[in-house]
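Asks: Supplied in structure tokens, the structure appears directly below.
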Amino acid sequence: MSGEYEDAFRESIKNPEQFWGTAAETIVWYKDYDRVLTAKDPPIYRWFEGGELNTCYNCLDRHIEEGCGDRTALIYDSPVTQTIKKYSYTELRDLVARCAGGLWKLGVQKGDRIVIYMPMIPEAVIAMLASARIGSIHSVVFGGFASRELAKRIEDAEPKIIITASCGIEVDRIIPYKPLLDGALALCTHKPSACVYVQRKEHKVDLSGKQVISWDQLMNAEPAPCITVKATDPLYLLYTSGTTGKPKGVVRDTGGHLVALSWSMEQIYGMKPGEVYWAASDIGWVVGHSYIVYGPLLHGCTTILYEGKSVGTPDPGAFWRVIAEHGVAVLFCAPTAFRAIRKEDPTGSYIRKYDLSSLRTLFLAGERCDPDTLIFAEEHLGVPVIDHWWQTETGWAIGANCAGLELLPIKPGSCTMPVPGYQIEVLDTEGNTVPKGVTGNVVVRLPLPPGCFTTLWNNDADFITTYFSAYPGYYLTSDAGFIDEDGYLWIMGRTDDIINVAGHRLSTGAMEEVLASHPDIAECAVSGVFDPVKGEVPLGFVVLKAGVEREVATIKTELIALVRQKIGPIASFKEVAVVKRLPKTRSGKILRGTIKKIADGTPYSVPATIDDPAILDEIKEKLMEMGYPKH
């Protein structure tokens with residue numbers, strides 16, 4: 211293969227300092243860096259050490275100084291409140307500067323932490339950028355998180371200030387935040403010096419308590435300038451679940467983060483300044499950090515903050531209305547959003563109601579996209595649909611079809627090629643490279659490119675043990691997959707989604723791919739569960755498309771036969787249940803591990819990130835009907 215992608219990839223691996231040094235020229239530096247890459251004490255590396263800059267300046271002020279202050283920076287589109295509001299770069303900068311000034315008045319200094327516990331409202335974005343403006347470190351926690359999980363994050367980050375709202379608004383309910391935050395603080399030994407509340411008219415709270423102030427009071431301040439920070443200083447902490455029960459605070463640096471996101475906006479997503487980019491995620495997730503807030507604004511684009519769902523706000527045409535109304539060029543969302551749309555609108559009738567001529571590309575990430583969902587989106591939208599793979603720890607894509615460099619042929623089910631900067635290998639448990647087409651542990655040879663996490667907050671030891679000890683010299687992704695004969699990367703699921711059926715290592719992702727190909731299936735999940743004879747056997751759960759009226763027993767028989775035909779009898783796929791919904795996190799990841807624990811009768815805790823805990827009750831009932839647990 212030869213072309214722009216191959217040239218870029220080869221250069222990024224052969225000469226990373228020159229490659230990323232060139233990429234860093236798009237960033238405004240207050241002080242140039244001493245070296246592009248420094249090996250501190252491998253596996254610890256640092257990018258752009260000695261450099262000084264400010265994230266907020268690069269995202270807002272620079273565009274105004276370049277004459278683009280009137281360009282729309284942020285569009286707030288909220289179907290749950292029937293609100294659409296637009297902010298120019300100048301308007302957003304002025305609000306951010308006043309918010310930063312208010313934080314100063316509350317005693318926030320460079321390096322202090324701020325917890326942002328917010329719904330998808332403009333004040334959340336303003337708070338993030340204000341934190342970056344004065345060199346403090348924000349930690350965004352998904353609005354509505356349970357008190358106990360919120361408390362763990364507060365206790366670990368020790369924030370000076372917490373910024374929150376009176377409530378979050380779902381399709382069918384209002385979620386008051388103050389009782390959740392009060393409950394969390396009651397569990398914490400660390401107490402913030404103040405809690406700031408955005409009063410929403412849908413649910414107002416009493417703000418007469420000690421150290422409780424309103425957003426309006428915070429904003430009644432003189433604008434603050436951008437503070438110089440080091441390239442290696444932390445920009446934010448983002449917590450991801452830890453295996454020990456203690457949340458892992460992923461630390462993102464400032465300089466490497468800006469360089470990676472700037473490069474990715476142009477080279478991966480093919481965006482140009484002034485175009486409209488929409489990441490249909492939440493700021494509580496890494497996608498929201500990278501591609502609702504920082505990436506698009508850094509690149510001079512218009513970004514959309516959407517407070518709604520893919521279906522139900524008000525119908526399966528919600529996404530298409532936003533694209534048509536705001537002229538979206540690139541949409542980035544999770545495959546689960548498309549599966550929900552496909553379930554409610556299997557013929558794509560809502561898609562045809564809107565003018566989607568502005569849409570150039572659809573990117574999917576968050577969970578592996580089954581080929582049928584990708585093909586459905588491609589056929590109905592008529593644009594390239596790109597499944598790409600990345601993690602909270604990396605902060606941007608590890609594997610992708612880089613549309614801005616060169617759009618390679620799409621293989622449904624594959625995330626295409628390693629992104630420049632990521633030297634990916636697939637190893638067996640002994641550390642040997644596996645043959646092409648054979649599933650193994652996906653790892654990345656060090657150093658990781660700019661933008662990836664630099665440590666875990668207050669936990670360097672766990673950072674090294676968790677990610678770098680299994681294969682010295684490599685980052686362990688904990689994902690399983692393979693590289694095919696053409697060099698394409700296939701991520702089949704988390705390492706624990708590879709099951710062992712009577713000695714045969716099988717991918718539950720491959721089985722899900724088969725189930726999803728059935729014309730009546732909207733969504734599916736396969737978990738490996740305990741079997742006294744074979745060790746593990748696969749167990750399927752499926753959601754039917756809207757309007758399917760065929761006999762459930764017939765559909766089950768067809769699904770079992772389909773897996774037997776496509777994967778073989780060795781899969782021992784003999785049980786499948788039809789459910790109304792699958793248990794998922796709010797970011798769309800299916801809780802296969804939780805299903806397995808329920809089926810195996812082992813203790814489990816309801817994940818803090820679950821979208822709706824009640825869904826697990828239906829799963830339990832179905833498992834009991836099938837005779838689980840088996841021991």
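For the sequence shown, the positions run 211 to 841 when the working numbering is used. Each residue gets a CB set at the ideal place from its N, CA and C atoms; glycine is no exception.
1) Going by C-alpha to C-alpha distance, which of Arg383, Glu275, Tyr243 and Arg272 sits closest to Gly260?
2) Leaving out the 5 sequence neighbours to the left and right, which residues in its chain are closer than 6 angstroms to Val422 when beta-carbon positions are compared?
3) Strictly under 8 angstroms for the Cβ-Cβ distance: is Arg383 near chain D by that measure?
4) Cβ of Gly719 within 8 angstroms of Cβ of Met702?
5) Exposed or buried, which one is Val461 when buried takes at least 16 other CB atoms within 10 Å?
6) So, at 7 angstroms on beta carbons, what are the nonlocal neighbours of Val762 in its own chain, with the 5 sequence-adjacent residues on each side left out?
7) Near Asp463, what residues of its chain come up, given a Cβ to Cβ distance below 6 angstroms and the 5 sequence neighbours on each side ignored?
8) Measuring straight from C-alpha to C-alpha, what distance separates Leu716 and Thr626?
9) So Leu754 and Ala735 are supposed to be a Cβ contact under 8 angstroms. How far apart are they, rounded?
10) Name the two residues that bound the continuous beta strand (DSSP E) containing Ala310.
11) Between Ala361 and the rest of its own chain, which residues show a CB-CB distance below 7 angstroms, the 5 nearest in sequence each way excluded?
12) For Arg578, which option in Gln601, Leu569 and Ser568 has the closest C-alpha, if you only look at C-alpha atoms?
13) With distance defined between alpha-carbon atoms, name the residue in Leu445, Gly558, Thr546 and Glu589 nearest to Gly576.
14) Can you say whether Thr795 is buried or exposed, counting buried as having 16 or more other CB atoms within 10 angstroms of its CB?
15) Which residue marks the beginning of the alpha helix (DSSP H) containing His536, and which one marks its end?
16) Confirm, please, whether the CB-CB distance from Ala607 to Ile478 is below 8 angstroms.
17) Check for me: the beta strand (DSSP E) holding Ser288 runs from which residue to which?
18) Here's the rule I'm using: 16 or more other beta-carbon atoms within 10 Å means buried, otherwise exposed. How should Arg308 be labelled?
19) Can you tell me whether Met834 is buried or exposed? The criterion is at least 16 other CB atoms within 10 Å of its CB, across all chains shown.
20) Does DSSP put Ala607 in a helix, in a strand, or in coil?
21) Rounding to the nearest angstrom, what Cα-Cα distance links Glu746 and Glu723 in this structure?
22) With a threshold of 7 angstroms on Cβ separation, who are the neighbours of Cys377 within its own chain once the five nearest residues in sequence on each side are excluded?
23) For Tyr240, name the three-state secondary structure that DSSP assigns.
24) Does DSSP put Gln601 in a helix, a strand or coil?
25) Buried or exposed: where does Thr764 fall if 16 or more other Cβ atoms within 10 Å of its Cβ makes it buried?
26) Short of 6 angstroms in beta carbon distance, which residues of its chain neighbour Gly354, apart from the five on each side in sequence? Order them along the chain.
27) Give me the Cα-Cα distance between Cys171 and Glu476, rounded to the nearest whole angstrom.
28) Looking at the unbroken beta strand (DSSP E) that takes in Gly750, where does it start and where does it end?
29) Counting Cβ pairs, one atom from each stretch, are 3 or more of them under 8 angstroms apart for the segment 607-624 and the segment 580-588?
30) Regarding Lys830 and the ligand NAP, is the C-beta to nearest heavy atom distance less than 7 angstroms?
31) Tell me the DSSP secondary structure of Thr453 in three-state form.
32) Could you work out which residue in Ile777, Glu831 and Gly803 is closest to Lys790 when comparing CA atoms only?
33) When you compare only the Cα positions, how much space is there between Gly465 and Asn268?
34) Can you give the beta carbon distance from Gly609 to Thr649, rounded, assuming they're within the 8 angstroms contact cut?
35) Under a Cβ-count criterion, where at least 16 other Cβ atoms within 10 Å of its own Cβ denotes burial, should Thr293 be classed as buried or exposed?
36) Excluding the five sequence neighbours on either side, which residues of its own chain have a C-beta within less than 7 angstroms of the C-beta of Ile371, listed in chain order?
Replies: In short:
1) Tyr243
2) Excluding sequence neighbours, Val422 sits near Cys405.
3) This model lacks chain D altogether, as it is built from one protein chain only.
4) yes
5) buried
6) Excluding residues within five positions, the ones whose Cβ falls inside 7 angstroms are Val788.
7) Thr442 and Thr664
8) Inter-residue distance for Leu716 and Thr626 is about 22 angstroms (C-alpha atoms, whole angstroms).
9) With a Cβ gap of about 14 angstroms, Leu754 and Ala735 do not count as contacting.
10) Here Ala310 belongs to no beta strand (DSSP E); instead the alpha helix (DSSP H) covers Tyr299 to Lys315.
11) Ala394, Leu397 and Cys398
12) Closest by alpha carbon: Gln601.
13) Thr546
14) buried
15) Ala528 to His536
16) yes
17) Thr282 to Ser288
18) buried
19) exposed
20) DSSP places Ala607 in strand when its eight states are reduced to three.
21) 19 angstroms
22) Ile384, Ile385, Pro386, Tyr387, Arg410, Glu412 and His413
23) coil
24) Judged by DSSP in its simplified three-state form, Gln601 adopts coil rather than helix or strand.
25) By the neighbour-count rule (16 or more Cβ atoms within 10 Å), Thr764 is not buried but exposed.
26) Excluding five sequence positions before and after Gly354, the CB atoms of its chain that fall closer than 6 angstroms to its own CB belong to Gly378 and Ile385, given in chain order.
27) Residue coverage of the chain in this structure runs from 211 to 841, which leaves residue 171 outside it and unanswerable.
28) Gly745 to Leu754
29) Cβ pair count under 8 angstroms is three or more, so yes.
30) Ligands are entirely absent from the displayed structure, and the ligand NAP is therefore not among its contents.
31) Because Thr453 carries a pLDDT of 48, less than 50, the predicted location of this residue cannot be relied on, and no value is offered for it.
32) Glu831
33) 11 angstroms
34) Under the criterion of beta carbons closer than 8 angstroms, Gly609 and Thr649 do not qualify as touching, at roughly 15 angstroms.
35) By the 10 Å Cβ count, Thr293 comes out exposed.
36) Leu313, Leu316, Val318, Ile324, Pro402, Ser403, Ala404 and Val406
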